[in-house]
Structures are given as structure tokens and as C-alpha cells.
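The block underneath contains the structure these notes are about, expressed in C-alpha cells.
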Amino acid sequence: MDLVAMSGDEQRIRDAATVILTRRDGDETRILMGQRGAKAVFMPSKFVFPGGGLDEGDEDAGVSALEESCAARLAQGGEAPGRLVAAALRELREETGLGYLPGAARLRYVFRAITPTGRPRRFDARFFLADAAGLAGDPDDFSQASDELSHLAWLGLAEARALDLPFVTEVVLAEISNLLKGGEQPGVPFFDNSGARPMFRRIL
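For any residue, its number in my numbering is found by taking its place in the sequence shown, counting from 1, and adding 1047.
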């Protein structure tokens, strides 16, 4: 696990992976979201995508589940791309009870954001876009999900954007709305709050 110490405080930035799972419902694309608990230390009561920090047990799963060009862009962050893939799929399975059929997962790296200073926990989060078509089992069956997220539901993009969301989730939703409409992405957007001054750039 790659932990980066921050000068001036005891906070550390933990590598993390998040899955934006999509599926078609007629002419509409829906995404899977859930609500964090009101007593959660990080982002209480907010609606989020399934995801979380890397664990020591997240072994390198390789990059076969990544779309072309994603591995090289992920590697710029310092963590092994295969470990981020493993964490993303593990978090999806734990928080929703949903998993992919062997070899069916195809993840697209679409966003990166480091939590600003002053927050109770900080993450270097990579966001992956994935299609529900390769899931094993019923995509509406959340019976095996942990209790970390409640109100798990497939939501239309407009419906999702009307919820109580973290700022970065609002930005990610705007980004993927463009992608799902066939728009181009000139590099992966990166909100970098690792230094003294926030920066925005694109990972090419």
C-alpha cells in the first residue's frame, strides 16, 4: 500500500479505487449508487459510488480487465495498476454483493482525485467506468452487500445529480455524462490536492 505523508500534519493519503457501474434501461443509462451512513467518519450521509481504500491483501490482478491505454495512465500514480483493479472489484463486491464473471470485467480509468487537506480521511481515488453486462447474477440482488452503503439503487443520471453528493462526485457525474453520450476525453481529469496549492490537470 502506497501511503504518502503530508507535511504539517499526521494525515496520510491512502490509495483508493471506485467503480461507476452502468447499465442500459431502455433508452436510459443508469448508474449504481448508495448512501453512506450518517455516523460515517468520511462523507456521512452522502450518496457515492462503491469504492474504498486499497488493502494489503489486494494482490496484483494484472491489467487484462483494463481498457487499452488505461494501465499506462494508472501507472503514473505510483501504484501498480493491477492492485487498483483488484481493489476496485473487491470493493464493488463487498459493498454491493455484485461481482463479475471471470474475464468479463472491463474497466475504463476516467477520473482521479486526491481529497483536500482538513478532511478526517484522505484518499488518492481512481474512478473506473464499467458496464454491468458482465456481472454474474442478478444486478438488482444486493442481498450479499455489506452494510457500508444503504439505499443501493440504479439511478438515471439526472436523478443521481439531484442527490446529496460530495463535490467530486458531482464533477465525476458531469464527466461520465459526456462520455456516455459519446463525447471524447482528452486525458484523465485529475484534481490534485497533494501539495500546498490545489491543481487541476489531465493525465495523458
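We put the beta carbon where it would ideally sit given N, CA and C, even for glycine.
It should be emphasised that the depicted structure is a prediction, and the values quoted were computed from it without experimental measurement.
Worksheet item: Using CA coordinates, which residue listed in R1137, R1159, G1129 and L1145 is at the minimum distance from F1238?
Response: Taking the sequence shown and counting its residues from 1, one reaches residue 1238 at position 191. That would be R1159, whose Cα lies nearest to the Cα of F1238.
Discussion item. Going by DSSP, what residue range makes up the alpha helix (DSSP H) through A1224?
Written reply: The residue you call residue 1224 lines up with position 177 of the sequence shown. A quick correction: the sequence has Ser, not Ala, at residue 1224. Note, S1224: alpha helix (DSSP H), F1214 to L1227.
Fill in: L1251 classed as buried or exposed, judged by whether at least 16 other C-beta atoms fall within 10 angstroms
As a first step, residue 1251 is located in the sequence shown; it is residue number 204 there, counting from the start. So L1251 ends up on the exposed side.
Worksheet item: The beta strand (DSSP E) spanning E1075 covers which residue range?
Response: Sequence index remark: in the sequence shown, residue 1075 carries index 28 (1-based). For E1075, the enclosing beta strand (DSSP E) covers residues E1075 to R1083.
Discussion item. Suppose the cutoff is 8 angstroms on Cβ atoms and the five residues either side in sequence are ignored; what does the same chain contact list for L1212 look like?
Written reply: Position 165 of the sequence shown, counting from 1, holds the residue named residue 1212. Result list for L1212: K1093, F1094, V1095 and L1220, in chain order.
Worksheet item: Residues in its own chain within less than 6 angstroms of R1173 by CB, not counting five upstream and five downstream?
Response: The sequence position of residue 1173 within the sequence shown is 126, counting from 1. The answer, listed in chain order, is A1064, L1131 and R1159.
Fill in: M1090, buried or exposed, once every other Cβ within 10 Å from all chains shown has been counted against 16
Residue 1090 sits at position 43 when you count from the first residue of the sequence shown. With 16 or more other Cβ atoms within 10 Å, it is buried.
Worksheet item: How would you call Q1123, buried or exposed, if buried means at least 16 neighbouring beta carbons within 10 angstroms?
Response: Counting from one through the sequence shown, the residue named residue 1123 turns up at place 76. The residue is exposed, with fewer than 16 neighbouring Cβ atoms inside 10 Å.
Worksheet item: Under the rule that 16 or more other beta-carbon atoms within 10 Å means buried, what is V1157, buried or exposed?
Response: Taking the first residue of the sequence shown as 1, we reach residue 1157 at position 110. Its Cβ being crowded by 16 or more others within 10 Å, V1157 is buried.
Worksheet item: Using a Cβ-Cβ cut-off of 6 angstroms (strictly less than) and excluding sequence neighbours within five positions of T1162, which residues of its own chain qualify?
Response: Working through the sequence shown from its first residue, we reach residue 1162 at position 115. Leaving aside the five residues that flank T1162 on each side, the residues in its chain whose CB is nearer than 6 angstroms to its CB run, in chain order, R1169 and F1170.
Worksheet item: Name the DSSP bridge partner or partners of D1239?
Response: Mapped onto the sequence shown, residue 1239 falls at position 192. Beta-bridge pairing links D1239 to M1246.
Practice prompt. Compare the beta carbon distance of G1081 and L1204 with 9 angstroms and say whether it is the shorter of the two.
Written response: Stepping through the sequence shown from its first residue, residue 1081 is reached at position 34. Stepping through the sequence shown from its first residue, residue 1204 is reached at position 157. Contact: no.
Item to complete: Enumerate in chain order the residues of its own chain whose CB-to-CB distance from R1071 is below 7 angstroms, with the five nearest sequence positions on each side excluded.
Response: For the purposes of this step, residue 1071 is identified with residue 24 of the sequence shown, where counting begins at 1. Excluding the 5 residues flanking it on each side, R1071 has no same chain C-beta neighbour closer than 7 angstroms.
Worksheet item: Do the segment 1099 to 1115 and the segment 1221 to 1231 make contact, defined as three or more Cβ pairs closer than 8 angstroms?
Response: Two segments are said to touch when three or more pairs of C-beta atoms, one from each, lie closer than 8 angstroms; by this definition the segment 1099 to 1115 does not touch the segment 1221 to 1231.
Discussion item. Just list the residues that DSSP pairs F1174 with in beta bridges.
Written reply: Reading the sequence shown from its first residue, position 127 is the one you call residue 1174. By DSSP's assignment, F1174 forms a beta bridge with T1065 and F1158.
Item to complete: Assign A1118 to buried or exposed, taking buried as 16 or more other Cβ atoms, counted over all protein chains shown, within 10 Å of its Cβ.
Response: Position 71 of the sequence shown, counting from 1, holds the residue named residue 1118. Counting every other CB atom within 10 Å of its CB across the protein chains shown gives A1118 a total of 16 or more, marking it as buried.
Worksheet item: To the nearest angstrom, how far is it from the Cα of G1073 to the Cα of G1129?
Response: Looking up residue 1073 in the sequence shown gives position 26. Looking up residue 1129 in the sequence shown gives position 82. Straight-line spacing of the CA atoms in G1073 and G1129 works out to 34 angstroms.
Worksheet item: Taking DSSP as the reference, what is the three-state secondary structure of D1165?
Response: On the sequence shown, position 118 is the one that residue 1165 refers to. Before going further, note that residue 1165 is Gly rather than Asp in the sequence given. Taken through DSSP and simplified to helix, strand or coil, G1165 comes out as coil.
Worksheet item: Are P1097 and E1142 close, meaning C-beta to C-beta below 9 angstroms?
Response: In the sequence shown, the residue the question calls residue 1097 occupies position 50. In the sequence shown, the residue the question calls residue 1142 occupies position 95. Contact flag set, yes.
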